[in-house]
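Chains as they are written, first to last, in full-length UniProt numbering: chain X, 1 to 210; chain S, 1 to 210.
2 protein chains.
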Amino acid sequence: MGIKISFSCFYSMYILCVFLGTQDSAQGRLLLIKKPDPNDAAATARWLVSQNSWGVLNTISTDLGGAPFGNVVSFSDGLPDKGRGVPYFYLTTLDPTARNALKDQRSSLTISEYPIGTCGKRDPENPACAKITLTGKLKLLEGNSKEVEFARSALFTKHPEMEGWPKGHNFQFFKLDIEDIFLIDWFGGPKPLTIDQYLQCNKNEVAAIR
Amino acid sequence: MGIKISFSCFYSMYILCVFLGTQDSAQGRLLLIKKPDPNDAAATARWLVSQNSWGVLNTISTDLGGAPFGNVVSFSDGLPDKGRGVPYFYLTTLDPTARNALKDQRSSLTISEYPIGTCGKRDPENPACAKITLTGKLKLLEGNSKEVEFARSALFTKHPEMEGWPKGHNFQFFKLDIEDIFLIDWFGGPKPLTIDQYLQCNKNEVAAIR
C-alpha cells in the first residue's frame with residue numbers, strides 16, 4: 001500500500017513535470033511554473049512578478065526637475081513559488097530612489113519577461129513577450145512588524161547576499177502599494193486587470209503544489 | 001608578402017580576441033567588447049548602452065495622476081558595436097509612453113548589466129553589477145531627416161522584426177536627448193560623468209576595430 005502510494009505520488013510528479021514543462025531561465029535555473037496562458041491576465045501578471053528577481057523602480061526626481069527616474073532594483077513578492085504579488089524592496093537613502101520616495105511616494109515597478117528567458121526569438125518590445133508595470137505608492141516599512149519579517153524573509157531568500165550588505169548604509173524595507181496594473185502579454189493592447197483580481201489569484205501557487 | 005599580411009592580420013585578430021576576451025551574454029550571442037574597467041565611467045556607460053537591446057523608458061503619466069510610468073522598450077544607439085550613445089526608439093501612440101512623451105518630454109531610460117549576462121553571481125542590485133539611467137527629453141523625430149535614417153538603420157539592424165510591425169499602428173522614431181547620467185558600476189556611489197565625456201567616448205568602437 002505504502003509502495004503504491006509512493007509510486008502514485010512519483011508518477012503524479014512525473015506527469016506534472018511533463019504537463020507543466022520545465023523552462024530554462026536566463027539565470028540558469030529551471031522554472032517549475034510554466035508561463036500561464038496569455039488569456040489569463042491575473043495568472044500571467046503574478047507569474048511575471050514571482051519569477052523575476054529584479055526590475056526598474058521609478059520615482060519622481062526632485063533633483064532632476066521632477067523627471068521620472070528609473071533605477072534597477074532587486075525585489076521579492078514572497079518565498080520562491082509562493083509570491084503574494086506585492087513587491088518588497090531593500091533600499092538605502094544613499095540611493096536617490098529611496099530619497100525620492102520619502103518625498104513623493106508616487107512610483108511604479110516595471111518588469112519584463114525577456115530576462116526570464118521564455119520569450120524565445122521575440123523582440124523584447126514584441127507584445128507576446130510579456131511586460132508589466134505596477135503603479136502605486138512606494139512606502140517605507142517601519143518598526144518590527146510582521147510585514148517587515150515577511151519582507152526580510154522574502155527578500156533574503158531570493159537575494160541571499162542582501163543579508164551581508166553594509167549595516168552602515170542603513171538599508172530599509174519598502175513596499176509598493178499597487179493602485180494600477182498595466183499588463184501586455186499578447187497582441188491587442190493592455191489586458192484589463194483589477195488589483196483584487198491580481199492579488200487574489202493563487203494559480204501559480206496551486207500549479208506548483210498540485 | 002600577401003600571405004604574411006593575411007597571417008599577421010589573422011594573428012592580430014586572434015590576439016585581440018584573447019586580449020579582449022569573449023563573454024557569453026544572456027541572449028546567447030558573444031560579446032566582442034569586454035566590459036571596460038569600472039574606473040572608466042564613460043567607457044562603461046557607453047558599453048552598457050551599446051551592448052543592451054532593451055531597457056525601461058520612464059515618462060510622466062497624466063492618466064495616473066502624474067505618476068512615473070516605466071515601460072519595457074527596445075532601443076538602439078547605432079549599428080552593432082558602432083553605437084553613438086544616444087538611444088533611439090520605435091514607439092506607437094497606441095502605447096502610453098509615446099502619448100505621455102508628446103504631452104511632457106521629461107523621461108529617463110534605465111538599463112542594467114544583469115541581462116547582458118556578465119554580472120556572474122552578483123545580485124542585480126549589487127553596485128558591481130552596473131546600471132545606468134539616462135535622464136532627459138524624449139523627442140519625436142519628424143520628417144525624413146538624416147537622423148530618422150540613422151534611427152531606422154540603428155533600430156532595424158538590432159531589432160529586425162520591427163520592420164514588419166503593423167503599418168496601421170503608426171510606429172514613429174523617438175530619441176532621448178540626454179541631460180543627466182546616473183551610473184553605478186562599482187562600490188562608492190554614482191560615478192561623476194558629464195554628457196560630453198559620455199558622448200565623446202569612442203573607446204568601445206576603437207576596441208572593436210583595433
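No residue lacks a Cβ here, since even glycine has one placed at the ideal position from N, Cα and C.
Contact belief for residue i with residue j at Cβ below 8 Å, rounded distance in angstroms
i, j, result
"G70/S", "N58/S", "5 Å"
"I132/S", "V49/S", "7 Å"
"V86/X", "I178/X", "7 Å"
C-beta contact flag for residue i and residue j at 8 Å
i, j, result
"L176/S", "L141/S", "no"
"P39/S", "T93/S", "Before going further, note that residue 39/S is Asn rather than Pro in the sequence given. Cβ atoms of N39/S and T93/S: not closer than 8 Å."
"L91/X", "L109/X", "no"
"I60/S", "D95/S", "no"
"Y88/X", "D77/X", "yes"
"residue 219/X", "A154/X", "Residue 219/X lies beyond the residue range present for chain X, which begins at 1 and ends at 210; the question has no answer from this structure."
"K191/X", "T118/X", "no"
"V148/X", "F173/X", "yes"
"S74/X", "S107/X", "no"
"residue 213/S", "P127/S", "This structure cannot speak to residue 213/S, because chain S is shown only from 1 to 210."
"D180/S", "G120/S", "no"
"P68/X", "P166/S", "no"
"T157/X", "N100/X", "no"
8 Å Cβ cutoff, residue i in contact with chain B
i, result
"H159/S", "Absent from the structure is chain B; the protein chains it does hold are X and S."
Validate contact between the segment 111-131 of chain S and the segment 34-52 of chain S using beta carbons, cut 8 Å, 3 pairs: yes
Uninterrupted alpha helix (DSSP H) stretches inside the segment 117-183 of chain X (no shorter than 4 residues): 146-158
Contacting positions in the segment 184-197 of chain S - beta carbon closer than 8 Å to chain X: G189
Residues in the segment 63-77 of chain S having any Cβ partner in chain X nearer than 8 Å: L64, G65, G66, A67, P68, F69, G70, N71, V72, V73 and S74
Complete beta strand (DSSP E) runs within the segment 62-114 of chain X (minimum length 3 residues, chain order): 67-74, 88-91 and 106-112
Proximal residues, the segment 41-59 of chain S versus chain X, C-beta separation under 9 Å: S53, W54, G55, V56, L57, N58 and T59
Proximal residues, the segment 101-135 of chain S versus chain X, C-beta separation under 7 Å: R106, S107, S108, T110, S112, Y114, P115, D123, P124, E125, N126, K131, T133 and T135
Selection of the segment 76-95 of chain S by Cβ proximity to chain X, strictly under 8 Å: Y90 and L94
Chain X contacts made by the segment 170-185 of chain S, where a contact means CB separation under 9 Å: E179, D180, F182 and I184
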